[in-house]
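All the letters of the sequence shown, read from the start, carry residue numbers 64 to 496 under my numbering.
These notes concern the structure reproduced below.
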Amino acid sequence: MARILTRTSPSLSVFACCLFLLFSPSMLFAAELQIQSDTLLRVFERDTTGTGDELVAPIYQYLKLNADNFSVEGLSFHAYGWGRQELLDSDFFREQSSGELIYAYLEYTAPDAPFSARLGRQYIFSGVANDSIDGLWLKGTLSEYFSASVYAGQPVGLSTTAGRSGDSIYGGRLAHKNKNFYEIGLSYQTSQNDGDTAANLLGIDLSAGLPMNASLYGYSTRNLETEGWAEHSYEVNFQLDRFSFRPFYEYYSYLDYFDSGANATNPFKLLALSGEDLSTFGVDASWRQSESFTFGGKFKAYSYDQNQASNLISLIVSWNSESVELTQAGAEIGYMSGDAANNDYLLLRLYGFYDELGDRYWLDFISGDVVYALYDRDILGRSYSVFTSLGAGKTFFNDQLTLRLSGDYSQDPYFDDNLQVLLSASFAYDFSL
């Protein structure tokens with residue numbers, strides 16, 4: 064389960080942007096810049112069972128900037144954000160943000176020491192941390208066997224709840240490692256929302272190399288507010304020549320995962336009060352028969368404390384071209400068995416991507432994906448769901464500009480028809496100042 068963050072309106076990441084502007088012009092003009100622009104136009108209309116048709120045509124602009132090779136060695140700047148404008152008179156996005164600054168931070172990596180620092184809006188993924196913050200993050204190696212990281216600032220995800228006054232977040236991770244054999248980490252995080260505790264978490268993570276080319280990875284998180292274990296996730300990977308085998312186990316306590324003080328608001332409070340515990344275990348296996356063909360299968364069992372259990376088993380075959388890097392195709396057939404109607408179905412999927420068509424056709428690449436589910440029992444009067452996607456694209460100016468056109472169509476028990484068209488233009492450019 065991924066932690067859910069509230070999107071915020073676009074705003075400057077005060078720390079990084081202000082400091083960036085304070086640098087001397089000589090430092091700025093010595094930089095190398097990489098700019099990537101993505102413009103996406105979506106057009107879709109939904110014919111639902113409860114509301115009338117509505118045509119929506121939003122245009123999105125994504126912009127990414129990376130700057131490095133300043134006069135200060137090891138210094139770089141990174142920024143990424145997006146904005147949206149509705150082209151038609153529609154209130155479809157009325158209650159949603161019209162844009163977001165995803166990250167904007169200065170980063171310093173010491174040339175001659177194992178130390179790095181980030182200042183600004185950034186995403187922290189370290190131990191129990193899985194958050195976007197406006198603040199400072201430090202990471203370094205303490206000795207041959209120990210490393211540490213710490214961070215502090217304001218959580219971006221809580222900025223729309225009672226403002227930013229009284230919001231704070233800080234934490235860190237201490238790790239012990241023994242060369243390439245294992246690493247054990249202990250992490251902690253606490254955050255405040257308008258002065259009230261929003262989260263207070265303690266975590267432990269482990270990665271280890273095992274005999275026979277196997278590896279172990281896992282982590283556990285404890286909610287110090289509810290004094291219960293919020294989640295466990297562990298897996299072992301075996302790699303024997305062309306055969307791979309991955310058994311895994313996951314556990315989530317809805318009360319301890321979603322009930323985090325000031326974060327426990329609807330809909331999360333309802334999930335926390337459900338008293339549900341979810342355990343899943345299973346295995347993924349694959350056999351690389353040749354350089355082109357791979358055969359595999361997976362089994363996953365879902366066990367609930369309150370709801371009905373269910374099991375998923377599927378077989379997969381995939382093909383990759385030996386001569387064209389991205390060209391591939393595959394198929395999957397699976398069966399989900401469960402007591403609930405939406406957990407009892409046959410699953411079929413076909414997909415493919417063909418690259419480097421430019422030598423014979425005007426288009427450079429095409430893609431397709433079809434997913435079909437046949438339910439054992441009707442759900443709201445429908446016994447199946449289907450999703451289809453077709454796409455094509457072409458590159459220009461030595462692959463600096465890529466144009467893509469795709470269309471998605473789906474039918475399921477909850478939507479009579481759902482058609483979406485997406486036109487995107489991606490432009491990437493590198494230059495030096």
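For glycine and all other residues, C-beta sits at the position ideal for the given N, C-alpha and C.
Query                                                                                                                                                      : Result
Tell me, to the nearest whole angstrom, how far the beta carbon of L426 is from that of A455; I am working on the premise that it is less than 8 Å.        : 5 Å
Helix, strand or coil for L453, going by three-state DSSP, please let me know.                                                                             : strand
Residues in its own chain within less than 6 Å of L249 by CB, not counting five upstream and five downstream?                                              : L237, I267
Measuring alpha carbon to alpha carbon, tell me which residue in L182, L378, N370 is nearest N406.                                                         : N370
Grab me the residues of P476's own chain with a C-beta within less than 6 Å of its C-beta, minus the 5 sequence neighbours each way, in chain order.       : I442, L443, R445
On the criterion of 16 or more Cβ atoms from any shown chain inside 10 Å, does F321 qualify as buried, or is it exposed?                                   : buried
In or out: A176 buried (at least 16 other Cβ within 10 Å) or exposed?                                                                                      : exposed
Within 10 angstroms of the Cβ of N256, are there 16 or more other Cβ atoms? Answer buried if so, exposed if not.                                           : buried
Quickly, what does DSSP pair V191 with across the bridge? List them, please.                                                                               : Its beta-bridge partners do not exist; DSSP assigns none.
State the Cα-Cα distance for the pair D194 and L182, rounded to the nearest angstrom.                                                                      : 15 Å
So what does DSSP say about Y320, is it helix, strand or coil?                                                                                             : helix
Determine, using beta-carbon pairs with one atom in the region 448-464 and one in the region 427-435, whether at least three such pairs fall under 8 Å.    : yes
Using a 10 Å radius around the Cβ and a threshold of 16 neighbouring Cβ atoms, would you call P274 buried or exposed?                                      : exposed
Tell me whether the beta-carbon of Y314 lies closer than 9 Å to the beta-carbon of H295.                                                                   : yes
In chain order, what residues of the same chain lie with their CB nearer than 6 Å to the CB of A548, ignoring the 5 residues before and after it?          : For residue 548 there is no data in the structure shown, the boundaries of the chain being 64 and 496.
Apart from the five residues just before and just after S469, which ones in its own chain have a Cβ nearer than 6 Å to its Cβ?                             : G454, L485
Identify every residue that forms a DSSP beta bridge with L199.                                                                                            : L182, A215
For G220 and G281, I'd like the C-alpha separation in whole angstroms.                                                                                     : 26 Å
Curious, which full-length alpha helix (DSSP H) runs of at least 4 residues does the region 324-405 contain?                                               : 331-336
What does the Cβ neighbour count give for L118, buried or exposed, with the cut at 16 atoms within 10 Å?                                                   : exposed
Below 8 Å on the Cβ atoms is my contact criterion, and I expect L264 with V191 to pass it. Report the Cβ-Cβ distance as a whole number of Å.               : 4 Å
Could you check the C-alpha separation between Y417 and G229 for me, to the nearest Å?                                                                     : 52 Å
Suppose the cutoff is 6 Å on Cβ atoms and the five residues either side in sequence are ignored; what does the same chain contact list for Q252 look like? : V191, A192, G234, L264
Under a Cβ-count criterion, where at least 16 other Cβ atoms within 10 Å of its own Cβ denotes burial, should S495 be classed as buried or exposed?        : exposed
Can you tell me whether V205 is helix, strand or coil according to DSSP?                                                                                   : The identity of residue 205 in the sequence shown is Leu, whereas the question assumes Val. Of the three classes helix, strand and coil, the one that applies to L205 here is coil, per DSSP.
Cα separation between L482 and A120?                                                                                                                       : 12 Å
Helix, strand or coil: how does DSSP classify G220 here?                                                                                                   : helix
Where does P310 fall in DSSP's three states?                                                                                                               : strand
Leaving out five residues before and five after S489 in sequence, what residues of the same chain have Cβ atoms less than 6 Å from its Cβ?                 : D101, T465
Using the Cα positions of D131 and R184, report the straight-line distance between them to the nearest angstrom.                                           : 18 Å
Applying the 10 Å Cβ sphere with the 16-neighbour rule, what's the burial state of D319?                                                                   : buried
Grouping DSSP H, G and I as helix and E and B as strand, with all else coil, what is Q159?                                                                 : coil
Among the residues of its own chain, which have a CB less than 6 Å from the CB of S487, if the five just before and after it don't count?                  : L103, R467
Sorted by chain position, which residues of the same chain lie with C-beta nearer than 8 Å to N374's C-beta, five sequence neighbours on each side aside?  : F362, K363, A364, Y365, M399, S400, G401
In chain order, what residues of the same chain lie with their CB nearer than 7 Å to the CB of N241, ignoring the 5 residues before and after it?          : Y208
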